[in-house]
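Residue numbers (this note's numbering), protein chains in the order written: chain X, 1 to 556; chain C, 1001 to 1236.
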């Protein structure tokens, strides 16, 4: 390791720490840091809880190690070259440093991270470990070895052609799936492969590698329980433990570093390309655009709309609708989200029906209450869906100034912008409801509540996230610091929950003060009225911010 | 940028194409050359229909030998003894059962060929990012089936020699004391000489069809036909 590079790293580290401390003067950074400290404090306060003991069980630790190792290999493989800071690339690659020195320099922050991670682990889990220091040392060395493996994978992957890289990626995913299934079966006795997969019928899928006479017979296969976890190969002797465990992990760290440094590949070209990609990605995230750069695909030009709805400001709705229809990835993701939400609920309904059919007692009010609970639960699907459908201002970042020149009112334009994501959220929620209708019969008050409540929630959420985006874009255009950071996102998530507080509070107050049959309907009605009022306020605020955007742009 | 390799079949004169019986024999010694020829030639149905018919015949022979030691009548003798089924009914039941077994073997041979072709084609398309004709894949899988014919004959001879219908040219032969329901026995059964041979030839076929290296195609073919199969036995 070059002394000059060590000095450089220390100097940069010091600079970063000072910069971070200065940044704490900003409320958003301070809130984020305070939130993190609170989380750590909360974990530290509850560190003697049983959950922590479960986390350091042998099975959990092995699972964690597998995730770390496989994740490191995959992350490095996807990275395809070491990532440096852009100024580092300009300085390091033109300076008289050897490749080894640069690789070790690149690993120094990782070593620091491993040490800090070890410290946090020690503080949180020490009370549940028999040998806390020993385990911490092992974890630190293992993390270091993982960083070496990731760096090695990144360098090797950088040499591969695009097509070969794609193929290897699938191979790794296949191997990981197999490892996951094995681990879950061996460590937790969890079967992710159903038992019928071992039936003779399934064996037919491996034709022509089968014996034809087996097709007429049915040899039943019994379950084979792996007893890997029960084997205890290591001696429990204290001295051996102290020597063997950290020694083994330290050797793995040293060996992996040695192998990494022995790699003959030229890291400069691949690192340059990877650094550029990472910088571009960071820039896109800062701008509020999607991080993934989607490959250019040729689409057929869509026919002009015939409906009057899509004329005037409705053209923006039409444009966003076309974009949404062409974004198959987002639609598939939304479908998966809907499926994840709906499938367990459908299973619950099926279970309820089954229990009732077997003579279980359930009053009509219980069933209604259950249905209402499910309907309310499905509202939360909108939180995921609205992030999946950014077909509004979030998608039109570059055109906002152009939109201001259109001869339409800001409110109309804002409504046009948030129409498509809102409608798509509702459509997928409706899909979920339609699936649930196979297993459950919602009474009309519940249906009415869903009909009126879901749009209020979807509209509010989309308005809140667009407000966040427009505020960031306004600041960005005005030359101020951009706030599309993790802390900003955290705040807008909190805001997206807070906008429902007035409605919820009103509903509860009405429910407490009104008695009789009208209690629940009035509570919901009151909550809905307040929610729509909040939505209206959000839309008006959006329109106001949209107007301000032009001023900020001019003042640039 | 995804690069896609497309197999472009040139059309050689039919006079130079090897007859089907030679192709079937050459599969045992140089499958790569046979597949190269098949891929370059225009699609020919006989390339997969002929071996599939042979598989059906071999399967029927094997089934006959395997069930000769433990006839179906043995399975239905308890009901006859109890009196639940008459002797005539039992005879008819035995005949029907045999017919169903034969039909199953033939159906498995045809559907299995199509299914395996789909698996190979899908692996090529999705994981290896190459495009090749599905019909050519069917021909490759069909020709590979000739190894299954040999395997069936050898298995039939082995069963006849051992007098054990569970005997296989596999590692399980060394652990004949294990019960047939034992999963370890099932795993050892998978490590069948002819299964491994078939899988290797399929890997050669995928390699020729997709234009990727044998190592890469072997990863997927052995991953599916061997590892996934063992994993299913162990994990399911």
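From the three backbone atoms N, C-alpha and C, an ideal C-beta is built for every residue, glycine too.
Can you give me the Cβ contacts of residue 384(X) inside the same chain, cut-off strictly under 6 Å, excluding the 5 residues immediately before and after it?
Walking along the first chain from the start, residue 384(X) turns up at place 384. These residues qualify, in order along the chain: 337.
By how many angstroms is the C-alpha of residue 389(X) removed from the C-alpha of residue 177(X)?
In the first chain, counting from the first residue as 1, residue 177(X) sits at position 177. In the first chain, counting from the first residue as 1, residue 389(X) sits at position 389. Approximately 29 Å between the Cα atoms of the pair.
Assign residue 398(X) to one of two classes, buried (16 or more other C-beta atoms within 10 Å of its C-beta) or exposed (fewer than that).
If you number the first chain from 1, residue 398(X) lands on position 398. That one is exposed.
For residue 1168(C), return the contacting residues in chain X, with the cut-off set at a CB-CB distance below 7 Å.
Along the second chain, read from residue 1 onward, the residue named residue 1168(C) stands at position 168. By Cβ distance, chain X contributes 211.
Can you tell me the Cα-Cα spacing of residue 167(X) and residue 156(X), whole angstroms?
Residue 167(X) sits at position 167 when you count from the first residue of the first chain. Residue 156(X) sits at position 156 when you count from the first residue of the first chain. If I take the Cα positions, the gap works out to 14 Å.
Counting only beta-carbon separations shorter than 8 Å, does residue 81(X) have a partner in chain C?
For this step, residue 81(X) is matched to residue 81 along the first chain. Not an interface residue.
From which residue to which residue does the alpha helix (DSSP H) around residue 395(X) run?
For the purposes of this step, residue 395(X) is taken as residue 395 along the first chain, with counting starting at 1. Element bounds for residue 395(X): n/a, residue is neither H nor E.
Here's the rule: buried if 16 or more other CB atoms are within 10 angstroms of the residue's CB, otherwise exposed. What is residue 95(X)?
Position 95 of the first chain, counting from 1, holds the residue named residue 95(X). Classification for residue 95(X): exposed.
Could you give the distance in angstroms between the alpha-carbon of residue 209(X) and the alpha-carbon of residue 1144(C)?
In the first chain, the residue the question calls residue 209(X) occupies position 209. In the second chain, the residue the question calls residue 1144(C) occupies position 144. Cα-Cα distance, rounded: 10 Å.
Within a Cβ cutoff of 8 Å, which residues of the same chain sit near residue 1201(C), ignoring the five residues on either side of it in sequence?
What you label residue 1201(C) is simply residue 201 of the second chain in a count that begins at 1. So the qualifying residues of the chain are 1027, 1031, 1144, 1147.
May I ask which residues mark the beginning and end of the alpha helix (DSSP H) holding residue 52(X)?
As a first step, residue 52(X) is located in the first chain; it is residue number 52 there, counting from the start. From DSSP, the alpha helix (DSSP H) with residue 52(X) extends over 50-55.
Between residue 1020(C) and residue 1230(C), what straight-line distance do the alpha-carbon atoms span, to the nearest angstrom?
Here residue 1020(C) corresponds to residue number 20 of the second chain, with the count starting at 1. Here residue 1230(C) corresponds to residue number 230 of the second chain, with the count starting at 1. About 34 Å.
Among the candidates 448(X), 417(X), 418(X), whose CA atom is the shortest distance from the CA of residue 430(X)?
Walking along the first chain from the start, residue 430(X) turns up at place 430. Closest option to residue 430(X), Cα to Cα, is 448(X).
Coarse secondary structure for residue 220(X), derived from DSSP in three states
Locating residue 220(X) in the first chain gives position 220, where the first residue counts as 1. With a pLDDT of 39 at residue 220(X), under the threshold of 50, the predicted position of this residue should be treated as unreliable, and no value is reported.
Cβ contact (3+ pairs, closer than 8 Å) linking the segment 369-383 of chain X and the segment 338-349 of chain X
yes
In terms of DSSP beta bridges, what is residue 1170(C) paired with?
Against the second chain, residue 1170(C) aligns to sequence position 170. Note: residue 1170(C) sits in a beta bridge opposite 1192(C).
What separation, rounded to the nearest whole angstrom, lies between the Cα atoms of residue 225(X) and residue 1185(C)?
As a first step, residue 225(X) is located in the first chain; it is residue number 225 there, counting from the start. As a first step, residue 1185(C) is located in the second chain; it is residue number 185 there, counting from the start. The predicted model places residue 225(X) with a pLDDT of 36, which falls under 50 and marks its position as unreliable; any figure quoted below should be read in that light. Looking at the two C-alpha atoms, the distance is approximately 14 Å.
Which same chain residues, not among the five before or five after residue 419(X), have their C-beta less than 7 Å away from its C-beta?
Numbered from 1 along the first chain, position 419 holds the residue referred to as residue 419(X). Hits under 7 Å: 317.
Would you decide whether residue 1074(C) is buried or exposed? Buried here means 16 or more other CB atoms lie within 10 Å of its CB.
The count along the second chain starts at 1 and reaches residue 1074(C) at position 74. Per-residue confidence for residue 1074(C) stands at a pLDDT of 49, beneath the threshold of 50, marking its modelled position as unreliable; no derived number is given.
Is there a Cβ of chain C sitting closer than 8 Å to that of residue 439(X), yes or no?
Taking the first residue of the first chain as position 1, residue 439(X) is located at position 439. Not an interface residue.
By alpha-carbon positions, which one of 100(X), 538(X), 334(X) ends up nearest to residue 465(X)?
For the purposes of this step, residue 465(X) is taken as residue 465 along the first chain, with counting starting at 1. Checking every option, the nearest Cα to that of residue 465(X) belongs to 538(X).
What do you get for residue 54(X), buried or exposed, if any count of 16 or more other CB atoms within 10 angstroms of its CB means buried?
Locating residue 54(X) in the first chain gives position 54, where the first residue counts as 1. When all chains shown are included, residue 54(X) counts as exposed.
Please return the same chain residues whose Cβ sits closer than 7 Å to the Cβ of residue 99(X), not counting the five positions on each side in sequence.
Start at 1 with the first residue of the first chain, and residue 99(X) comes out as number 99. The residues are 267.
Neighbour-count burial assignment, residue 148(X), 16 or more Cβ in a 10 Å radius
What you label residue 148(X) is simply residue 148 of the first chain in a count that begins at 1. That one is buried.
Whether residue 1199(C) touches residue 1222(C) by CB criterion (8 Å):
Along the second chain, read from residue 1 onward, the residue named residue 1199(C) stands at position 199. Along the second chain, read from residue 1 onward, the residue named residue 1222(C) stands at position 222. Yes.
Using the rule of at least 16 other Cβ atoms within 10 Å of the residue's Cβ for burial, across every protein chain shown, is residue 282(X) buried or exposed?
To locate residue 282(X), count along the first chain from 1; it is residue 282. That one is exposed.
Would residue 542(X) pass as an interface residue toward chain C - the criterion being a Cβ-Cβ separation below 8 Å?
The count along the first chain starts at 1 and reaches residue 542(X) at position 542. No, residue 542(X) does not count as interfacial toward chain C.
Alpha carbons only, please: which of 103(X), 108(X), 525(X), 76(X) is nearest the one belonging to residue 160(X)?
Taking the first chain and counting its residues from 1, the one referred to as residue 160(X) is at position 160. The shortest Cα separation from residue 160(X) among 103(X), 108(X), 525(X), 76(X) belongs to 76(X).
So, is residue 535(X) buried or exposed, given that buried needs 16 or more other C-beta atoms within 10 angstroms?
Within the first chain, the letter at position 535 stands for residue 535(X). Result: buried.
Taking its Cβ as the centre, do 16 or more other Cβ atoms sit within 10 Å of residue 444(X), making it buried, or is it exposed?
Indexing the first chain from 1 puts residue 444(X) at position 444. Exposed: under 16 other Cβ atoms inside 10 Å.
Classify residue 320(X): buried if its beta carbon has 16 or more other beta carbons within 10 angstroms, exposed otherwise.
Counted from its first residue, the first chain places residue 320(X) at position 320. Burial call: buried.
Is residue 354(X) helix, strand or coil when you go by DSSP?
Locating residue 354(X) in the first chain gives position 354, counting from the first residue. Of the three classes helix, strand and coil, the one that applies to residue 354(X) here is helix, per DSSP.
Below 7 Å between beta carbons is the criterion; list the residues of the segment 107-123 of chain X that meet it against any residue of chain C, in chain order.
none
Secondary structure of residue 1119(C), DSSP reduced to three states:
As a working mapping, residue 1119(C) is identified with position 119 in the second chain. Residue 1119(C): helix per DSSP, three-state reduction.
CA-to-CA distance, residue 463(X) to residue 533(X), given in whole angstroms
On the first chain, position 533 is the one that residue 533(X) refers to. On the first chain, position 463 is the one that residue 463(X) refers to. So the two alpha carbons sit approximately 13 Å from each other.
Residues of chain X with a CB under 7 Å from the CB of residue 1143(C): which are they?
In the second chain, counting from the first residue as 1, residue 1143(C) sits at position 143. None at all; the shortest Cβ gap to chain X is about 10 Å.
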